[in-house]
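902 is the number of the first residue of the sequence shown in my numbering; add one for each residue after it.
Backbone N, C-alpha and C fix where the C-beta goes; we use that ideal spot for every residue, glycine too.
To keep things clear, I will list the structure first and then write my remarks on it.
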Amino acid sequence: MHLVRKHWQSQIVVLYFLGFLIWWTLVTMGEQPGSIYHQSFAALYGLIAIWGGIWGLVAAKKWGGLSSIMGKALTAFSLGLFAQEFGQLSYSYYIYYLHQEVPYPSIGDLGYFVSIPLYIIGTWHLLHASGAKVSVRTLRNKVVAIIIPVVMLVASYAFFLKGYQIDSSQPLKLFLDFGYPLGEAIYVSIALLTYVLSRHSLGGIVRSRIIFILFAMFIQYCADFMFLFQAQYQTWYAGGVNDLVYFAAYVALSLALMEFDILGKKLAQK
902 MHLVRKHWQS
912 QIVVLYFLGF
922 LIWWTLVTMG
932 EQPGSIYHQS
942 FAALYGLIAI
952 WGGIWGLVAA
962 KKWGGLSSIM
972 GKALTAFSLG
982 LFAQEFGQLS
992 YSYYIYYLHQ
1002 EVPYPSIGDL
1012 GYFVSIPLYI
1022 IGTWHLLHAS
1032 GAKVSVRTLR
1042 NKVVAIIIPV
1052 VMLVASYAFF
1062 LKGYQIDSSQ
1072 PLKLFLDFGY
1082 PLGEAIYVSI
1092 ALLTYVLSRH
1102 SLGGIVRSRI
1112 IFILFAMFIQ
1122 YCADFMFLFQ
1132 AQYQTWYAGG
1142 VNDLVYFAAY
1152 VALSLALMEF
1162 DILGKKLAQK
């Protein structure tokens, strides 16, 4: 609440979220799936990612930019938000301007897929910034550091790639079909590792803010997982529950980045 009261940039995020949440609720109760109102929601909610990305870069500069570990992490997360919105806008271009179904792969996949290595880079730098690297020296934590990624990768393979028929005539599609679920498993694995390995050692003024970013990454993974699941069973539609979860992920990451903006400003004043 302190964040919202003192930071006008965050107030805009919260108001945007509440307004779109009410919109989505009313549309879901009163309209059939795939209506123009659902599609409009899907086309517009991602704009908050641009807002969050801008202020994330501002925060990154206050934390040393690319010359510091935390600055690199914040930069990667901010660029990840931009990449996600690039994918959203590209999909909207196909739907509203070209009036056609979005092909797969498409230019939108450039944005969506690029966000994965950016989130991997961001969570990796958080892992180092949190002190989790030191915790890996114990045998127990070494085992944990191996088990979590293996479990996530195996689970992703079992859900989305088991029985997959490889078609070498479409190499880009083949790359994305494997890259999406496995790449997403990597960034959420690093996020889980960061939390598990640093929960006892992580302290000070950045603790809650790092956990906030990790929470946002978990929501992002849930959104990505849901999209792949619904797409596989052909139950996905624009403006549905999956888009609401993506919206929540963008809002959470935007607010988390703005927390670092506030903290960076306070530290600069001391």
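In the assembly as shown, Q1066 is an exposed residue. Its beta-carbon has fewer than 16 other beta-carbons within 10 Å. One thing to note: A974 has its Cβ within 7 angstroms of the Cβ of H1026.
Here L1019 is not near P1082, since their CB atoms are 7 angstroms or more apart. As for any alpha helix (DSSP H) of minimum length 4 sitting wholly inside the region 907–958, the runs are 909–931, 937–945, ordered along the chain. Per the C-alpha coordinates, the member of T1024, Q1071, G1084, L1098 positioned closest to I1047 is L1098.
For E1002, the three-state secondary structure derived from DSSP is coil.
Taking the Cβ atoms as the reference, V928 lies roughly 7 angstroms from G1140, within the contact range of under 8 angstroms. Three or more Cβ pairs drawn from the region 1011–1018 and the region 969–988 lie within less than 8 angstroms of each other, which places the two stretches in contact.
Rounded to the nearest whole angstrom, the CA to CA distance from Y995 to E1002 is 7 angstroms.
Counting along the chain, Q985 sits inside the alpha helix (DSSP H) bounded by residues 970–993.
K1063 sits in coil when the DSSP states are folded into three classes, being neither helix nor strand. Judged by DSSP secondary structure, Q1135 falls outside any alpha helix (DSSP H); it is assigned neither H nor E. Within a 10 Å sphere around the beta-carbon of W956 sit 16 or more other beta-carbons, which makes this residue buried.
If you ignore the 5 residues before and after I1049, its C-beta comes within less than 6 angstroms of the C-beta of S1090, L1093, L1094, all in its own chain and listed in chain order. Within the same chain, and ignoring the five residues on either side of C1123 in sequence, the residues whose Cβ sits closer than 8 angstroms to its Cβ are V1146, A1150. Across the structure, L1156 and S911 are spaced so that their CA atoms are roughly 6 angstroms apart. The DSSP-derived three-state label of S1057 is helix.
In the DSSP assignment, L1164 falls within the alpha helix (DSSP H) that extends over 1142–1170. Counting other Cβ atoms within 10 Å of its Cβ, H1000 stays below 16 and is therefore classed as exposed. Residue environment for M930: exposed (fewer than 16 other C-beta atoms within 10 angstroms of its C-beta). Comparing C-alpha distances from A944 to each of G953, W925, G954 shows the shortest one belongs to W925. For the 7 angstroms CB-CB criterion, F918 and V1152 form a contact. Excluding its 5 nearest sequence neighbours in each direction, G988 has C-beta neighbours in its own chain below 8 angstroms: G1009, D1010, L1011, G1012, Y1013, S1016, listed in chain order.
D1144 has its alpha-carbon roughly 27 angstroms from the corresponding atom of S1109.
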